[in-house]
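Taken in order, the sequence shown gives residues 72 to 343; the numbers are from the numbering used here.
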Amino acid sequence: MRRLPFSPWHLLLMPLALLFALPLVQMVLTAFMPDGDINRFPPRFIPSRLQLDGFVGLFSQSSALRWLANTVIVAAIAVGSHLVLCSMAGYGFARLKFFGKQAGFVVILATIMIPTQLLMIPTYVMFSRLGLVDTLAAAFVPWLASAFGIFLMRQFFLSLPGELEDAARIDGCTAFGVFWRVVLPLARPALATLTVFTLLGSWNDLIWPLIAISDDSLYTIQLGLATFQGTRHTQWSLLMAGNVVATLPLIIGFVAAQRQFVATMTFTGLKG
C-alpha cells in the first residue's frame, strides 16, 4: 500500500479547517456584496457582483481610520509593556530567590480565576479617581501586564537550562546582563506567543472600552464597529467591511508568529 505524502490526521483536520474558515470567507464575501444580496432571503453565499460600497461607506461615513489608529496605539502599548513587564516578572519568579516568591506567584496565578466582570466596577471607580475615564489611556492601562503573561514566561524560563546563565555569570555578566544577553534571545518563541495573545486580546477588547470611553474620537475599532449595529437597523455592508479591516492585521500577525507559537506550547509544559 502506497504511503500518503502527508499525515493521515490531515484527512480529518482539513475538512475541520475548511469548516472553521467558512465564517471568515462569508464575512469577506459579504463585505463585497450589494445590499440587495445581503438582505435577500434565502441569503446568498456568492455575491451576484462585487462592489466596494461597503469599504467606501466605512471610510466616508465614519471615523474608521481614527478608530483603527487608536486601536494600533492601544495594541502597540499593550504588546510592548507585556513583553517588558511579563518577561521580567516571569524571570524573577523562575530564577531569582526572594521572600514570598511562591506565595506571590500563587496569588498572581489565582487572579486568573477571577471573572473580568467582577473587576469592572472597582476598576472604573479607580480610573475615575485617577482621571483616566474617557481617555485613550483607559483602554491600554489594563493591558500593561497580565497574570497569564507572567505565568507563560515563567514556565518557559523554567524549561531553559540553568547552566547557560551560570556560564554567563562566570564570564562576568551582571544579573540584568544574563537576562538581557542570554535569556531573552532564547525566549523568542515565548515572546512571540505572548505577542499573539496580547495582540488578540487588546485588539478585540470591546466591553471595557464600551464602559470607560464615551468620546467617539477615542473609540477603538471594535467599539466603533458596534455603532453600526442597532435595534431596528444594521448597516451590514459597512459592518462586514469594518470586520475585514479589523481582522486582517490579526491574521497577518498570527501567520507571522505561528511557528514560535507552536514551539512555545511545546516547551512551557516541560517543567512546573
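Every residue gets a Cβ at the ideal spot worked out from N, C-alpha and C, and that includes glycine.
Residues sharing a beta bridge with ALA300, DSSP: Here the question's residue 300 lines up with position 229 in the sequence shown. The amino acid at residue 300 is misidentified as Ala; the sequence shows Gln. GLN300 is bridged to THR305.
Residues in its own chain within less than 7 Å of THR305 by CB, not counting five upstream and five downstream? Reading the sequence shown from its first residue, position 234 is the one you call residue 305. Same-chain partners within the cutoff: PHE299.
Indicate whether MET191 and TRP274 have their beta-carbon atoms separated by less than 8 Å. Locating residue 191 in the sequence shown gives position 120, counting from the first residue. Locating residue 274 in the sequence shown gives position 203, counting from the first residue. Result no, Cβ atoms of MET191 and TRP274 do not sit closer than 8 Å.
Straight-line gap, LEU257 to VAL315 (C-alpha atoms, nearest Å): Position 186 of the sequence shown, counted from the start, is the residue given in the question as residue 257. Position 244 of the sequence shown, counted from the start, is the residue given in the question as residue 315. The straight-line gap from Cα to Cα measures roughly 35 Å.
Continuous alpha helix (DSSP H) stretch holding VAL196: start and end: In the sequence shown, counting from the first residue as 1, residue 196 sits at position 125. Looking at the DSSP string, the run of the alpha helix (DSSP H) that includes VAL196 is 187 to 201.
Work out the CA separation of ALA174 and LEU296 for me, nearest whole Å. In the sequence shown, counting from the first residue as 1, residue 296 sits at position 225. In the sequence shown, counting from the first residue as 1, residue 174 sits at position 103. Rounded to whole angstroms, LEU296 to ALA174 spans 42 Å at the Cα level.
Run through DSSP, which three-state label would LEU121 get? Indexing the sequence shown from 1 puts residue 121 at position 50. Looking at LEU121 - three-state DSSP - the assignment turns out to be coil, as it is neither helix nor strand.
Between the C-alpha atoms of ALA218 and PHE247, what's the straight-line distance to the nearest angstrom? The residue you call residue 218 lines up with position 147 of the sequence shown. The residue you call residue 247 lines up with position 176 of the sequence shown. When rounded, the distance between both Cα atoms is 22 Å.
Would you mind working out which of VAL326, ALA327, THR291 sits nearest ALA317, comparing C-alpha positions? Position 246 of the sequence shown holds residue 317. It is THR291.
How close, in whole Å, do the beta carbons of LEU265 and LEU223 come, if the pair is a contact with beta carbons under 8 Å? Locating residue 265 in the sequence shown gives position 194, counting from the first residue. Locating residue 223 in the sequence shown gives position 152, counting from the first residue. With a beta-carbon spacing of about 6 Å, LEU265 and LEU223 fall inside the 8 Å limit used to define contacts.
Extent of the continuous alpha helix (DSSP H) to which ARG166 belongs: Here the question's residue 166 lines up with position 95 in the sequence shown. Per DSSP, the continuous alpha helix (DSSP H) segment holding ARG166 begins and ends at 158 to 166.
My understanding is that ALA146 touches LEU319, with C-beta atoms under 8 Å, so please give their C-beta distance in whole angstroms. Translated into the one-based positions of the sequence shown, residue 146 becomes position 75. Translated into the one-based positions of the sequence shown, residue 319 becomes position 248. Going by Cβ atoms, the distance from ALA146 to LEU319 rounds to 14 Å, so no, they are not a contact pair.
On a CA-only basis, which of GLN293, GLY171, LEU83, VAL196 is nearest SER134? Give me that one, please. The count along the sequence shown starts at 1 and reaches residue 134 at position 63. The shortest Cα separation from SER134 among GLN293, GLY171, LEU83, VAL196 belongs to GLN293.
Opening and closing residue of the alpha helix (DSSP H) in which PRO280 lies: Counting from one through the sequence shown, the residue named residue 280 turns up at place 209. Looking at the DSSP string, the run of the alpha helix (DSSP H) that includes PRO280 is 278 to 283.
Do THR101 and TRP251 have their CB atoms nearer than 8 Å? The residue given as residue 101 occupies position 30 in the sequence shown. The residue given as residue 251 occupies position 180 in the sequence shown. Between THR101 and TRP251, the gap from beta carbon to beta carbon reaches 8 Å or more.
Which of the three DSSP states is assigned to GLN293 in this structure? What you label residue 293 is simply residue 222 of the sequence shown in a count that begins at 1. GLN293: helix per DSSP, three-state reduction.
Is there contact between the segment 207 to 214 and the segment 137 to 157, where contact requires at least three CB pairs shorter than 8 Å? Verdict: yes, contact present.
Applying the criterion that 16 or more other CB atoms from any shown protein chain within 10 Å of the CB defines a buried residue, is ILE185 buried or exposed? In the sequence shown, counting from the first residue as 1, residue 185 sits at position 114. Counting Cβ neighbours within 10 Å, ILE185 comes out exposed, since fewer than 16 surround it.
To the nearest angstrom, how far is it from the Cα of MET348 to the Cα of ILE221? Absent from the model: residue 348. The displayed extent of the chain is 72 to 343, so no value can be given.
Which residues bound the alpha helix (DSSP H) around ASN141? The sequence position of residue 141 within the sequence shown is 70, counting from 1. 135 to 152 is the extent of the alpha helix (DSSP H) around ASN141.
Using the Cα positions of VAL96 and PHE198, report the straight-line distance between them to the nearest angstrom. What you label residue 96 is simply residue 25 of the sequence shown in a count that begins at 1. What you label residue 198 is simply residue 127 of the sequence shown in a count that begins at 1. Each residue's Cα considered, the two are about 40 Å apart.
When the distance is taken between beta carbons, is SER158 closer than 8 Å to LEU255? As a working note, residue 255 is residue 184 in the sequence shown. As a working note, residue 158 is residue 87 in the sequence shown. Yes, the Cβ-Cβ distance between LEU255 and SER158 is below 8 Å.
Does the beta-carbon distance from GLY324 to VAL253 come in below 8 Å? For this step, residue 324 is matched to residue 253 along the sequence shown. For this step, residue 253 is matched to residue 182 along the sequence shown. Going by C-beta atoms, GLY324 is not nearer than 8 Å to VAL253.
State buried or exposed for LEU154, treating a residue as buried only when at least 16 other CB atoms are found within 10 Å of its CB. Locating residue 154 in the sequence shown gives position 83, where the first residue counts as 1. The residue in question, LEU154, is buried, as its Cβ has 16 or more Cβ neighbours within 10 Å.
For PHE116, which residues from the same chain have a beta carbon less than 8 Å from its beta carbon, with the 5 sequence-adjacent residues on both sides left out? In the sequence shown, the residue the question calls residue 116 occupies position 45. Same-chain partners within the cutoff: GLN97, LEU100.
Assign ASP286 to one of three DSSP states: helix, strand, or coil. As a position in the sequence shown, residue 286 is number 215, starting the count at 1. In the structure shown, ASP286 sits in coil (DSSP, three-state: anything other than H, G, I, E or B).
Using three-state DSSP, classify SER230 as helix, strand or coil. For this step, residue 230 is matched to residue 159 along the sequence shown. In the three-state reduction of the DSSP assignment, SER230 falls in the helix class, which pools H, G and I.
Would you mind reading off the limits of the alpha helix (DSSP H) that contains THR264? If you number the sequence shown from 1, residue 264 lands on position 193. Following the DSSP letters along the chain, one finds THR264 inside the alpha helix (DSSP H) bounded by residues 259 to 275.
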